[in-house]
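Engineer: Chains A and B, in that order, give the protein sequences. According to this note's numbering, the residues represented by the first sequence are 1 to 478, in order. According to this note's numbering, the residues represented by the second sequence are 479 to 956, in order. Yeah, the Cβ is synthetic: ideal placement off N, Cα and C, and Gly gets one too. If you're wondering where the values come from, they're calculated on a predicted model, not measured in any experiment.
There are 2 protein chains.
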Amino acid sequence: MTKQHTKRDLPKKSENISDWYNRVVMLSELADYGPARGTMIFRPYGYRVWELMQAFMDRLIKEKGVDNAYFPMFIPMSLLEKEEEHVEGFSPELAVVTHGGGEELAEKLAVRPTSETIMYDSYSRWIQSWRDLPVLINQWNNVVRWEKRTYLFLRTSEFLWQEGHTAHATHDEAWDYVLWAMDMYKETYEKMYALPGIVGKKSASEKFPGALETLTFESLMPGGKALQSCTSHDLAQNFSVPFDITFLDREGEQQHVWQTSWGFSTRSMGGFILAHGDDQGLVIPPAVAPYQVVILQVHETDEVATVVNNLASELKTAGIRFTIDNREGESLGYKINKWELKGVPVRVEIGSKEATEGKLTAVRRDNGEKSTVAQDNAAVGINELLQTIQQNLYNRALQFQDDNTHVVDDYEEFRRVMDHERGFIRAMWCEDASCEASIKEETKATTRCLPLDAQEEDGKCVYCGKPARHRWYFALAY
Amino acid sequence: MTKQHTKRDLPKKSENISDWYNRVVMLSELADYGPARGTMIFRPYGYRVWELMQAFMDRLIKEKGVDNAYFPMFIPMSLLEKEEEHVEGFSPELAVVTHGGGEELAEKLAVRPTSETIMYDSYSRWIQSWRDLPVLINQWNNVVRWEKRTYLFLRTSEFLWQEGHTAHATHDEAWDYVLWAMDMYKETYEKMYALPGIVGKKSASEKFPGALETLTFESLMPGGKALQSCTSHDLAQNFSVPFDITFLDREGEQQHVWQTSWGFSTRSMGGFILAHGDDQGLVIPPAVAPYQVVILQVHETDEVATVVNNLASELKTAGIRFTIDNREGESLGYKINKWELKGVPVRVEIGSKEATEGKLTAVRRDNGEKSTVAQDNAAVGINELLQTIQQNLYNRALQFQDDNTHVVDDYEEFRRVMDHERGFIRAMWCEDASCEASIKEETKATTRCLPLDAQEEDGKCVYCGKPARHRWYFALAY
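Printed below as a string of structure tokens:
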């Protein structure tokens, strides 16, 4: 893999973010293209990021009392067709299995684009009484929504995600879970990916096919486009009616359950790559970094080797993820470039000087700052550095979001911002789908969300001038 | 789900193990049938067992330096066809995607039955120099091998597994990994599922399509059939030649890599269910039990509730998995039956007597023994019980295996054993595929393996009487 590590071929992020993105993902060995169109390979370095995020989120999910399970990925077409909006929304994106075991199938099978239909078919058999509620189930799995062209992490035919599916006796209880899921996603974004964003509800035309209401988390990326990688849906009784999911309530009345579903996908990884990386390559937030520290031995002496070994054992004890790069045939400069490209948060260089003075030289990836850490209790000093970096990355991204959020009340200004600065536009909208469609056609900007804490205002729609009550977020989208 | 918990419908295991198995899996809510033929649903109670096993094995895999990754599940047919034996072996079992995104595909895609071909296509691009070796990659994923009829866990079209794929500079190093994988599987079987078994190599006709050699772990089940749920393959250079996976060695010579692959699937769950269960239902080994302890409150007094709460907090601190069953509308007797059916290792009953005397009554699921545990430091006493149960289940299964392993030197005796006692037969075999095929046709028994530590003997083939050097294991197989 030697030749892939060089930064020569990396375009400047500021000059061509799209080229930069594709190259940095490939060169850093996060991912690669799969042989079938629209597919990608999560290489070990990239998959580890997902695993670290997954461990964090899985704990939050379990603490809420939601259990993991696994449902089949093949969904008979007849099941998929039970909820009308749902099948209409997903039909154009389906991968279809027509042959199995050498024979043509009597009923074609869709590879799941999401699992509402196959899960709710079971829920209708499993749920009988109010005592069986709530049902709280999550899956970590792979889903397929057909894409002709791969945009690594951001748009792929097959992607990885979790999908939670709950059923409740009341709408209020269901809504609490819709909100809880978004809180959990926001916490994960902030604490793991060091990314802020806006939580809000989707417009009618942008919501999930089959949902009454969809909540989203929208992050603003350099280049000024918004990224959506998780949503939480209030399904109301839209599925429980066609799937006949009923329960006897405490009064002995037959009722339909109230449902939610919520998902968070590997698209989210595109977010931290785009947001934090720079012209030197990736900058991985410490919380999801496969290696939080890389140790480079500058001189080949016994004294230096001893310091390296001591540091390694101290980091191991402290639970800090690290690697020692002693690969043959590469210069120190080459290695420094390589690990900058791969975005390791802290690089520790140890040479004769450090060995003699009882110190370590630590270099931060986020801002290039060099600092000196005492060899005694080095893990404490390095841990502090890691926390500082995580916080700094979040603060920078929040500042970027603030700097690129425009309050706009005039449509000419709206067009100008979308043509030039881009970013989030906060504008009044009358909530008429035709205005939304016209804005999209003319500026490519879509409604991203209405923040949950939005205040009512007396205003006029930025497009048609008719009365409007809320200021929505608009942006170009990935 | 109330009605599914009753044991009324459970046939006796000793009378009809196949019916017992299907019913106990359904009634205990480990699993359910999926809507498409050959598919199954891993319900939360069953999936949790897999998660616990997975956490244990994933740690062993990472400790060995093997990294997790994720490759696409869609394999272009042309890739699958590169290794001749491999495609011949898997073709009859493939699920094929012919349509995607509303169009017929130019090249059909197989849903992975295993990932050798798609992974090695990448390996050929990633590996260039001896410095890139070894490559050590594992995946946890879903695979499809078409089945018309579902046998829950044991035979399903889609199943879950891990598949490890390594590439090395020498055959010796590769072979070490083939052996290491089997050791890891054996450790997992013993420590998690409380199951013994025989490690050995497969005959030429039973090995993996494309492997030079296949190692297997064979467990003997009640009813006398063998279960194979994991294998480890020495692929030699059988894939690296057609896939052109080469590296420059230290001397500057171009060489083909040596490869291994090894997998362990959800079939293994059928093993612990069959081996340990009894007429009352499941008996789940403590190491993989979703709940290691169920607490039943016998009397509804404050004193009893206090004891229950104290125990709960102590168990939580000790990391013991438990549940308190306070479901309304069920009698104590009903609950006892339910948790016996679900195979929870220890049931703790707390009533007024226990509250007064400062003791707990603990009932072991594996043998029904009641014992008394002091309320002070109850977690210590319960932990000891759990360890005793785990060991007892293993010992019982080992005894069963020993009692049902028959050394046979005469073919009439071979037939008689397979017609009546069943179990393992250890018999000399000349290693000629025609004898193996005749034995299979006449008795349904197949060669299971030749133990790795088998001694050479001077003997005669149990079928043809010609000279034979080794005593192989034979059995009927799931």
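So that I know if they touch, is there some Cβ in chain B lying closer than 7 Å to that of Ala318/A?
Structural biologist: Translated into positions along the first sequence, residue 318/A becomes position 318. Chain B, which has no Cβ nearer than 7 Å to the Cβ of Ala318/A, makes this no.
Engineer: Do Phe479/A and His168/A have their C-beta atoms within less than 7 Å of each other?
Structural biologist: Because chain A is modelled from 1 through 478, residue 479/A falls outside the range shown and cannot be assessed.
Engineer: At 7 Å on the CB atoms, spell out the chain B contacts of Asp121/A, in chain order.
Structural biologist: Here residue 121/A is taken as the residue at index 121 of the first sequence, counted from 1. Within chain B, the residues near Asp121/A are Pro513.
Engineer: State the DSSP-derived secondary structure class of Arg471/A, mapped to helix, strand or coil.
Structural biologist: As a first step, residue 471/A must be located in the first sequence, where it is residue number 471. In this structure, Arg471/A counts as strand in the three-state DSSP scheme.
Engineer: If we cut at 7 Å on Cβ distances, does Trp639/B have a partner in chain A?
Structural biologist: Here residue 639/B refers to the residue found at position 161 when the second sequence is read from its first residue. By this cut-off, Trp639/B is not an interface position.
Engineer: Which of the three DSSP states is assigned to Glu357/A in this structure?
Structural biologist: Residue 357/A sits at position 357 when you count from the first residue of the first sequence. Here Glu357/A sits in helix by DSSP.
Engineer: Roughly how many angstroms separate the alpha carbons of Met57/A and Ala289/A, rounded to a whole number?
Structural biologist: For this step, residue 57/A is matched to residue 57 along the first sequence. For this step, residue 289/A is matched to residue 289 along the first sequence. Near 16 Å, if we compare the C-alpha coordinates of Ala289/A and Met57/A.
Engineer: Going by beta carbon distance, what residues of the same chain come within less than 8 Å of Glu559/B, once the five residues before and after it are set aside?
Structural biologist: Here residue 559/B corresponds to residue number 81 of the second sequence, with the count starting at 1. So the list reads Val565, once near-sequence residues are dropped.
Engineer: Bridge partners of Glu103/A, per DSSP?
Structural biologist: For the purposes of this step, residue 103/A is taken as the residue at position 103 of the first sequence. Per DSSP, Gly100/A.
Engineer: Buried or exposed, going by whether 16 or more other CB atoms sit within 10 Å of the CB of Arg347/A?
Structural biologist: The sequence position of residue 347/A within the first sequence is 347, counting from 1. So Arg347/A ends up on the buried side.
Engineer: Asn238/A by DSSP, collapsed to three states: which one?
Structural biologist: Here residue 238/A corresponds to residue number 238 of the first sequence, with the count starting at 1. In this structure, Asn238/A counts as coil in the three-state DSSP scheme.
Engineer: Are the beta-carbon atoms of Thr738/B and Val656/B separated by less than 7 Å?
Structural biologist: Translated into the one-based positions of the second sequence, residue 738/B becomes position 260. Translated into the one-based positions of the second sequence, residue 656/B becomes position 178. In this structure, Val656/B lies closer than 7 Å to Thr738/B by Cβ.
Engineer: Measure from the C-beta of Leu954/B to each C-beta in chain A and report whether the shortest distance is under 7 Å.
Structural biologist: Within the second sequence, the letter at position 476 stands for residue 954/B. No, because no Cβ of chain A sits closer than 7 Å to the Cβ of Leu954/B.
Engineer: Just by C-beta distance, which residues in the region 80-96 of chain A are closer than 9 Å to chain B?
Structural biologist: Residues passing the 9 Å Cβ filter: Ser91, Pro92, Glu93, Leu94, Ala95 and Val96.
Engineer: Restricting to Cα atoms, I'd like to know which of Ser157/A, Met192/A and Gln139/A is closest to Ile284/A.
Structural biologist: If you number the first sequence from 1, residue 284/A lands on position 284. Here the closest residue by C-alpha is Met192/A.
Engineer: So Trp624/B packs on Ala573/B, CB below 8 Å; how close in whole Å?
Structural biologist: Within the second sequence, numbered from 1, the residue matching residue 624/B stands at position 146. Within the second sequence, numbered from 1, the residue matching residue 573/B stands at position 95. At roughly 6 Å, the Cβ-Cβ gap stays under 8 Å, so Trp624/B and Ala573/B are in contact.
Engineer: How many whole angstroms separate the CB atoms of Trp258/A and Ala174/A, which I take to be in contact at a CB cut-off of 8 Å?
Structural biologist: Numbered from its first residue, the first sequence carries residue 258/A at position 258. Numbered from its first residue, the first sequence carries residue 174/A at position 174. Indeed they touch by this definition, with Cβ atoms about 4 Å apart.
Engineer: How is Asp458/A classed by DSSP in three states: helix, strand or coil?
Structural biologist: One-based indexing of the first sequence puts residue 458/A at position 458. Asp458/A: coil per DSSP, three-state reduction.
Engineer: Just by C-beta distance, which residues in the region 61-72 of chain A are closer than 7 Å to chain B?
Structural biologist: Under the 7 Å Cβ criterion, the region 61-72 of chain A contributes Asp67, Asn68, Ala69, Tyr70, Phe71 and Pro72.
Engineer: Kindly list the residues whose CB is nearer than 8 Å to the CB of Leu282/A, restricted to its own chain and excluding five residues on each side of it in sequence; keep chain order.
Structural biologist: Taking the first sequence and counting its residues from 1, the one referred to as residue 282/A is at position 282. Contacts found: Val24, Ser28, Leu30, Ile273, His276, Leu341, Lys342 and Gly343.
Engineer: Please work out which residues of its chain come closer than 8 Å, Cβ to Cβ, to Ile432/A, disregarding the five sequence neighbours upstream and downstream, and give them in chain order.
Structural biologist: Walking along the first sequence from the start, residue 432/A turns up at place 432. Reading off the sequence, residue 432/A comes out as Asp, not Ile. Only Cys461, Cys464 and Lys466 meet the Cβ criterion.
Engineer: Here's a check: name, in chain order, each residue in its chain whose Cβ is nearer than 8 Å to the Cβ of Met1/A, leaving out the five neighbours to either side.
Structural biologist: As a first step, residue 1/A is located in the first sequence; it is residue number 1 there, counting from the start. Because Met1/A sits at a pLDDT of 42, beneath the cut-off of 50, its placement in the model cannot be relied upon, and the following sentence gives the value as read from the coordinates. Here the set comprises Glu29.
Engineer: For Arg627/B, which residues of its own chain have a beta-carbon under 8 Å away from its beta-carbon, when the five flanking residues on both sides are left out?
Structural biologist: By 1-based counting over the second sequence, the position of residue 627/B is 149. Closer than 8 Å at the Cβ level, and outside the excluded window around Arg627/B, lie Arg515, Gly516 and Arg633.
Engineer: Compute the beta-carbon to beta-carbon distance between Ile61/A and Asn138/A, rounded to the nearest angstrom, for a pair I have assumed lies under 8 Å.
Structural biologist: The sequence position of residue 61/A within the first sequence is 61, counting from 1. The sequence position of residue 138/A within the first sequence is 138, counting from 1. About 5 Å; that satisfies the 8 Å criterion.
Engineer: DSSP three-state call for Glu778/B: helix, strand or coil?
Structural biologist: Taking the first residue of the second sequence as position 1, residue 778/B is located at position 300. The answer is coil: DSSP assigns Glu778/B none of H, G, I, E or B.
Engineer: If we define contact as Cβ-Cβ less than 7 Å, is Gly580/B a contact residue for chain A?
Structural biologist: In the second sequence, the residue the question calls residue 580/B occupies position 102. Gly580/B counts as touching chain A.
Engineer: Which residues, in chain order, does the region 35-57 of chain A contribute to contact with chain B at a C-beta distance below 9 Å?
Structural biologist: If the cut-off is 9 Å between Cβ atoms, the region 35-57 of chain A has Pro35, Ala36, Arg37, Gly38, Thr39, Met40, Ile41, Phe42, Arg43, Pro44, Tyr45, Gly46, Tyr47, Arg48, Trp50 and Glu51 near chain B.
Engineer: For Trp624/B, would you say it is in contact with chain A, using Cβ-to-Cβ distances shorter than 7 Å as the test?
Structural biologist: One-based indexing of the second sequence puts residue 624/B at position 146. By this cut-off, Trp624/B is an interface position.
Engineer: Which first and last residues belong to the beta strand (DSSP E) in which Met551/B is found?
Structural biologist: Stepping through the second sequence from its first residue, residue 551/B is reached at position 73. Where Met551/B is concerned, there is no enclosing beta strand (DSSP E), given that its DSSP letter is neither H nor E.
Engineer: Can you tell me which of Asn882/B, Arg521/B and Leu876/B puts its alpha carbon nearest to the alpha carbon of Tyr667/B?
Structural biologist: On the second sequence, residue 667/B is found 189 positions in, with the first residue counted as 1. Ranking Asn882/B, Arg521/B and Leu876/B by Cα distance to Tyr667/B puts Leu876/B first.
Engineer: If I follow the unbroken alpha helix (DSSP H) through Ile816/B, where does it start and stop?
Structural biologist: Here the question's residue 816/B lines up with position 338 in the second sequence. First, the residue type needs correcting, since residue 816/B is Lys and not Ile in the sequence shown. Segment Leu810 to Leu819, the alpha helix (DSSP H) holding Lys816/B.
Engineer: Does Asp545/B come out as helix, strand or coil in the three-state DSSP assignment?
Structural biologist: If you number the second sequence from 1, residue 545/B lands on position 67. Looking at Asp545/B - three-state DSSP - the assignment turns out to be strand.
Engineer: Against chain A, with Cβ distances strictly below 7 Å, would His959/B count as a contact?
Structural biologist: Not covered by the structure: residue 959/B. The range shown for chain B is 479 to 956.
Engineer: Restricting to Cα atoms, I'd like to know which of Thr443/A, Lys444/A, Asp403/A and Glu457/A is closest to Trp429/A.
Structural biologist: Taking the first residue of the first sequence as 1, we reach residue 429/A at position 429. It is Glu457/A whose Cα lies nearest to the Cα of Trp429/A.
Engineer: Alpha carbon to alpha carbon, how far is Leu606/B from Val373/A?
Structural biologist: As a working note, residue 606/B is residue 128 in the second sequence. As a working note, residue 373/A is residue 373 in the first sequence. Here residue 606/B is Gln; the residue named in the question, Leu, does not match the sequence. Cα to Cα, Gln606/B sits roughly 38 Å from Val373/A.
Engineer: Might you give, ordered along the chain, the residues of its own chain that have their beta carbon closer than 8 Å to the beta carbon of Glu493/B, omitting 5 neighbours on each side?
Structural biologist: For the purposes of this step, residue 493/B is identified with residue 15 of the second sequence, where counting begins at 1. The answer is none, since no qualifying residue turns up.
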